Amino acid sequence: MKSDYQSIVTLVSLAFKAGGEIMNLYNQEIKFDLKNDLSPITQADRISDEIIVNGLNKEFSEIQCISEESHSRINIKSLSNIFFLVDPLDGTKEFIEKNDEFTVNIALINKNKPEIGVIYAPAKNKIFFTDDDGKAYELEVENYQNEVNLNRSKRISVSKETKNLIAITSRSHNNETTKNFLEKYEIKEKIICGSSLKFCLVANGQANIYPRLGPTKEWDTAAGHAILENAGGKIKSLNDKELLYGKKNEDFLNPEFIASNF
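Counting along the sequence shown from 1, when you hit position 223 you're at 222 in numbering that gives the first Met the number 0, and nothing is skipped either side.
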């Protein structure tokens, strides 16, 4: 698969279709079950997963697809250099609490690095994506039931500010360690936000630094990683190393990291 324009359109369209089904359920009473790790899963997670995984298998049948909700049901004996990472509903807790901070994440990994990223926040009517020109874009959509026209998107880039920073932290995982970590920086404002939207707000310049001092999985970060880097930002482990993808022997677990514009 090449990161050509038509492939980007296909990925965005899949995210958009899944997001539409998520919103149909968002406007109803939300029920959920608990997975083995005690995290919640809803019917919206399952339907979004089915739409995206089936769509990717149809359009890009030669590429493996690893999804949060279905990876445990398949035997991943080996991973090729190129594969998809999908989080069909990132921020399930935010979805259940109906605070609009949830996303659909699709990423293409090439040689352990995220090459393409698509993040759709259906309740906020925004799509963030990378294009084949190596840049990152944001598109405001009027209605999740309409077709997506990428020609109306605008290029985004990180802020150049390195002082008086705006920090953004997790709504569900905002711990004391994170608060202590930020004390070493000159922070003028703190924002709390759920899901991969945090990467997008650093990418479009609304925030400067996002520390994640707790566990995440690769499907939580891959799409946001691609978008942030294409917008001129960085994401590094606390040891200043790159985040790599495809660690199936470690259950796709990420190290703690810092995403920032510097």
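Backbone N, C-alpha and C define an ideal beta-carbon position, used for all residues, glycine too. Please read these numbers as outputs of a predicted model, since none were measured by experiment.
Asked, Found
"Can you grab the Cα-Cα spacing for the pair E146 / Y184, in whole Å?", "43 Å"
"In terms of residue numbering, what span does the beta strand (DSSP E) encompassing S236 cover?", "233 to 236"
"Rounded to whole angstroms, what is the Cα-Cα separation between S171 and T177?", "12 Å"
"For G133, is the classification buried or exposed, using 16 other Cβ atoms within 10 angstroms of its Cβ as the cut-off for buried?", "exposed"
"How do the stretch 13 to 29 and the stretch 38 to 50 stand: do at least 3 beta-carbon pairs fall below 8 Å, yes or no?", "yes"
"With L24 as the anchor, note down where its alpha helix (DSSP H) starts and where it stops.", "4 to 25"
"N260 by DSSP, collapsed to three states: which one?", "coil"
"Of all the options L37, E249, N104, which has the alpha carbon lying nearest to the alpha carbon of S66?", "N104"
"Considering only residues of the same chain and omitting the five flanking positions on each side of P254, which have a CB-CB separation below 6 Å?", "S236"
"Quick one: using the 10 Å Cβ neighbour count with 16 as the cut-off for buried, is I7 buried or exposed?", "buried"
"Bridge partners for V85 per DSSP, in chain order?", "S66, I105"
"Strictly by DSSP, which residues pair up with S47?", "In the DSSP output, where bridge partners are listed per residue, S47 has none listed."
"Below 6 Å CB to CB, which residues in the same chain sit around I155 once its five sequence neighbours on both sides are set aside?", "A135, E137, A202, N203, A230"
"Taking 8 Å as the threshold (C-beta atoms), are A43 and V117 in contact?", "no"
"Measure how close the beta-carbons of C192 and L181 come, nearest whole angstrom, since I'm counting them as under 8 Å.", "That belief does not hold up - the Cβ atoms of C192 and L181 are roughly 15 Å apart, past 8 Å."
"Which word fits Y244, buried or exposed, when buried means at least 16 other C-beta atoms lie within 10 angstroms of its C-beta?", "buried"
"Are the Cβ atoms of E114 and A17 separated by less than 8 Å?", "no"
"Taking the runs of the alpha helix (DSSP H) that are 4 residues or longer, which of them lie wholly in the stretch 175 to 245?", "175 to 180, 196 to 202, 217 to 229"
"Indicate whether K247 and I75 have their beta-carbon atoms separated by less than 8 Å.", "yes"
"Pull up the DSSP beta-bridge partners for T168, would you.", "I191"
"My assumption, with CB atoms under 8 Å, is that N124 sits in contact with E139. Please give the rounded CB distance.", "6 Å"
"By the 10 Å Cβ neighbour count, where 16 or more other Cβ atoms means buried, how is D86 classified, buried or exposed?", "buried"
"Go ahead and label R151 buried or exposed: buried means 16 or more other beta carbons lie within 10 angstroms of its beta carbon, across all protein chains shown.", "exposed"
"Quick check: N80 and K110, are their CB atoms within less than 8 Å of each other?", "yes"
"Cutting at 6 Å between CB atoms, please list the residues of its own chain near K92, excluding the five before and the five after it.", "S171"
"Is the beta carbon of S323 sitting closer than 8 Å to the one on G223?", "Residue coverage of the chain in this structure runs from 0 to 261, which leaves residue 323 outside it and unanswerable."
"In terms of alpha-carbon separation, which member of E175, K187, E188 lies closest to R211?", "E175"
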